[in-house]
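Novice: Pasting a structure below so you can have a look.
Chains as they are written, first to last, in the numbering used here: chain A, 1 to 263; chain B, 264 to 552.
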């Protein structure tokens with residue numbers, strides 16, 4: 001059986017010169033949570049933007065490879081049609097409409113073809129009961145955690161089969177991140193949605209993921225199931241803050257950098 | 264009392280035209296400087312439909328308004344759509360070029376002579392007594408239409424799915440696309456609605472005082488109303504229109520009628536000095552202009 005999402009030998013170039021992604025191959029099967037880990041500039045967000053059709057806005061383009069979703073090639077599709085196909089992105093920043101209320105934010109979402117809006121709206125309030133209490137509040141007045149809930153809820157109303165979540169933990173307290181991560185697992189379990197989770201916080205991502213990919217300089221340097229990745233010495237040392245042997249100056253630099261993220 | 268009636272009629276005209284500027288700006292950040300010309304085109308379309316459906320003024324009016332909505336949508340689809348992603352300045356200059364083109368086309372097709380759509384429709388513009396003053400039937404129609412349009416737009420933007428999507432697209436087009444909203448549909452809708460409201464203003468003005476190519480000036484004078492109120496606010500457009508109309512009528516009444524074309528721009532300059540983002544506009548919006 002072919003995967004729900006297949007990214008094959010993808011190469012993305014910004015402008016005419018900067019190759020941000022150099023031949024990435026990855027896939028996500030139905031109902032899986034797949035983590036995409038890596039440092040700043042590793043190509044995680046570019047990969048998500050390539051899948052969701054937003055490369056053109058950054059003067060970037062796919063120069064090699066292909067992205068298939070349910071065996072359909074996503075090349076040259078505008079973002080809103082990719083959303084209607086069932087791929088919905090929860091962006092890293094600017095994830096809600098600040099001048100619209102919570103309910104209006106949900107109403108602005110356009111469900112994918114065949115999705116039942118009413119049922120999806122009811123389910124979002126079941127996943128995020130706090131949003132039901134705040135339904136009339138202007139989104140710009142919500143806390144960071146509530147905004148992230150609203151962003152996820154708005155994405156769910158689109159009826160996705162594949163949810164692309166960019167930096168779930170960015171700027172949030174650990175307890176909020178843990179709670180949101182558990183909600184993602186519930187969403188996957190109840191709706192059967194596949195989730196591609198881009199994270200710098202490897203501990204959180206690997207705690208809920210089934211599989212993962214580690215990106216460095218636009219290439220996949222490590223992949224496998226989440227347990228294997230968690231126990232891998234490089235992941236332990238560079239991503240989970242373990243104290244392994246430092247092998248070279250470059251490694252030490254990278255290690256210090258990664259320590260800063262988790263510090 | 265007559266002074267108040269005159270102010271109310273002129274404010275209704277400016278408010279009806281200004282909401283067209285606001286609709287397009289709010290959704291796509293583009294200043295449509297061809298709005299006056301599109302309004303004039305709609306009035307000339309009424310001339311044509313009046314002769315096509317002679318004896319059926321309501322059908323002629325309805326078809327003219329419907330055609331105007333289509334013109335707005337077509338302008339977006341065939342012209343402004345190609346400006347998506349380009350600099351806002353390029354889009355604004357395109358509307359200037361469109362305005363010049365429409366002015367030429369109108370003279371070419373309908374001639375530069377003064378026309379009388381009311382006569383073509385077989386309609387008499389009665390003068391009605393009201394609160395001790397007098398108002399023309401078209402003037403009363405303008406006030407009622409403006410009230411209906413503003414209430415309708417408020418309800419549409421606040422409570423309908425497409426209205427909410429329109430507000431969402433205006434706030435963050437990128438996120439709107441991520442939520443599955445087709446920006447082209449929303450922009451086309453905004454252009455259609457904007458031209459429709461302009462058409463209502465143009466048609467009622469032409470029924471009141473005849474029609475020639477100087478109607479463009481009225482469209483231009485409504486632009487300060489939108490700016491004074493704040494370009495991204497419909498309520499602001501309403502208040503701005505009232506301020507501009509009051510200043511203009513009072514200046515005509517107490518100083519000199521020759522100042523009527525200058526007053527709106529004087530008020531605009533004053534507002535730009537004191538509060539450049541308008542009464543109800545936001546600073547951030549002005550930064551983008």
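Where is the CB? At the ideal position from N, CA and C, for every residue including glycine. The structure presented is a predicted model; accordingly, all values stated were derived computationally and were not measured.
Report the neighbours of residue 438 (chain B) on chain A: residues whose CB is nearer than 8 Å to its CB, in chain order.
Specialist: Within 8 Å Cβ-Cβ: 91, 94, 95, 96 and 97.
Novice: Can you pull the DSSP bridge partners for residue 27 (chain A)?
Specialist: DSSP, once it has assigned bridges, lists A:6 as partnering residue 27 (chain A).
Novice: Output needed for residue 395 (chain B): all residues of its chain with C-beta closer than 6 Å, excluding positions within five of it in sequence on either side, in chain order.
Specialist: Counting only Cβ-Cβ distances below 6 Å, and skipping sequence neighbours, we find 264.
Novice: Hey, quick one: how far does the alpha helix (DSSP H) through residue 511 (chain B) stretch, first residue to last?
Specialist: Element bounds for residue 511 (chain B): 497 to 517.
Novice: Between the Cα of residue 534 (chain B) and the Cα atoms of B:522, B:489 and B:295, which residue gives the shortest distance?
Specialist: Out of B:522, B:489 and B:295, B:489 has the C-alpha closest to the C-alpha of residue 534 (chain B).
Novice: How big is the Cα-Cα spacing for residue 284 (chain B) and residue 305 (chain B)?
Specialist: So the alpha carbons of these two residues sit roughly 16 Å apart.
Novice: Is the beta carbon of residue 301 (chain B) closer than 8 Å to that of residue 405 (chain B)?
Specialist: Not in contact: residue 405 (chain B) and residue 301 (chain B) (Cβ atoms no closer than 8 Å).
Novice: Is there contact here, the segment 71 to 81 of chain A with the segment 267 to 275 of chain B, by at least three beta-carbon pairs under 8 Å?
Specialist: No, the segment 71 to 81 of chain A is not in contact with the segment 267 to 275 of chain B.
Novice: Compare the C-beta of residue 246 (chain A) against all C-beta atoms of chain B and say whether one is closer than 8 Å.
Specialist: Residue confidence for residue 246 (chain A) is low, a pLDDT of 48 falling below 50, so the modelled location carries little weight; the figure read from the coordinates is stated next. No, residue 246 (chain A) lies away from the interface with chain B (no Cβ there is under 8 Å from its Cβ).
Novice: So for residue 232 (chain A), helix, strand or coil by DSSP?
Specialist: Coil at residue 232 (chain A), not helix or strand.
Novice: How should residue 208 (chain A) be labelled, buried or exposed, when 16 other C-beta atoms within 10 angstroms of its C-beta is the threshold for buried?
Specialist: Result: buried.
Novice: With burial defined as no fewer than 16 other Cβ atoms inside 10 Å of the residue's Cβ, what is the status of residue 221 (chain A): buried or exposed?
Specialist: By the neighbour-count rule (16 or more Cβ atoms within 10 Å), residue 221 (chain A) is not buried but exposed.
Novice: For residue 316 (chain B), which residues of its own chain have a beta-carbon under 8 Å away from its beta-carbon, when the five flanking residues on both sides are left out?
Specialist: Only 322, 323 and 326 meet the Cβ criterion.
Novice: Residue range of the beta strand (DSSP E) that residue 397 (chain B) falls in?
Specialist: It spans 396 to 399 - the beta strand (DSSP E) in which residue 397 (chain B) sits, taken as one unbroken run.
Novice: Assuming residue 289 (chain B) and residue 351 (chain B) make a contact with CB atoms under 8 Å, what is their CB distance in whole Å?
Specialist: Actually they do not touch by this definition, with Cβ atoms about 13 Å apart.
Novice: In chain order, what residues of the segment 104 to 115 of chain A put their CB closer than 9 Å to some CB of chain B?
Specialist: Within the segment 104 to 115 of chain A, the residues whose Cβ lies closer than 9 Å to some Cβ of chain B are 104, 105, 107, 108, 109, 110, 111 and 112, listed in chain order.
Novice: DSSP on residue 101 (chain A), reduced to helix/strand/coil?
Specialist: In this structure, residue 101 (chain A) counts as strand in the three-state DSSP scheme.
Novice: Below 7 Å between beta carbons is the criterion; list the residues of the segment 149 to 178 of chain A that meet it against any residue of chain B, in chain order.
Specialist: Flagged, chain order: 154 and 158.
Novice: Ordered along the chain, which non-local residues of its own chain (more than five positions away) have a Cβ less than 6 Å from that of residue 110 (chain A)?
Specialist: Here the set comprises nothing.
Novice: What does DSSP give as the partner residues of residue 331 (chain B) in its beta bridges?
Specialist: Partner(s): none; residue 331 (chain B) has no beta bridge.
Novice: Among all the DSSP beta bridges, which residues are the ones paired with residue 14 (chain A)?
Specialist: Residue 14 (chain A) pairs with A:18 and A:60.
Novice: Please list the partners that residue 443 (chain B) has in chain A, where partner means a Cβ-to-Cβ separation under 8 Å.
Specialist: In chain order: 80, 83, 84, 88, 109, 110, 111, 112 and 158.
Novice: Quick one: is residue 431 (chain B) near chain A, going by C-beta distance under 8 Å?
Specialist: Closer than 8 Å: yes.
Novice: Going by beta-carbon coordinates alone, are residue 380 (chain B) and residue 462 (chain B) separated by less than 8 Å?
Specialist: No. Outside cutoff.
Novice: Going by DSSP, what residue range makes up the beta strand (DSSP E) through residue 35 (chain A)?
Specialist: Residue 35 (chain A) -> beta strand (DSSP E) spans 33 to 38.
Novice: Since residue 100 (chain A) meets chain B, which of its residues come closer than 9 Å, beta carbon to beta carbon?
Specialist: Within 9 Å Cβ-Cβ: 427, 430, 431 and 434.
Novice: Would residue 105 (chain A) be called buried (16 or more neighbouring beta carbons within 10 Å of its own) or exposed?
Specialist: That one is buried.
Novice: Would you tell me roughly how many angstroms separate the C-alpha atoms of residue 511 (chain B) and residue 532 (chain B), rounded to the nearest one?
Specialist: Their backbone Cα atoms lie some 14 Å apart in a straight line.
Novice: Identify the contact partners of residue 292 (chain B) in chain A, using a Cβ-Cβ distance below 8 Å as the criterion.
Specialist: Residues of chain A passing the Cβ test: none, with the nearest at roughly 15 Å.
Novice: Helix, strand or coil for residue 390 (chain B), going by three-state DSSP, please let me know.
Specialist: Three-state DSSP puts residue 390 (chain B) in a strand.
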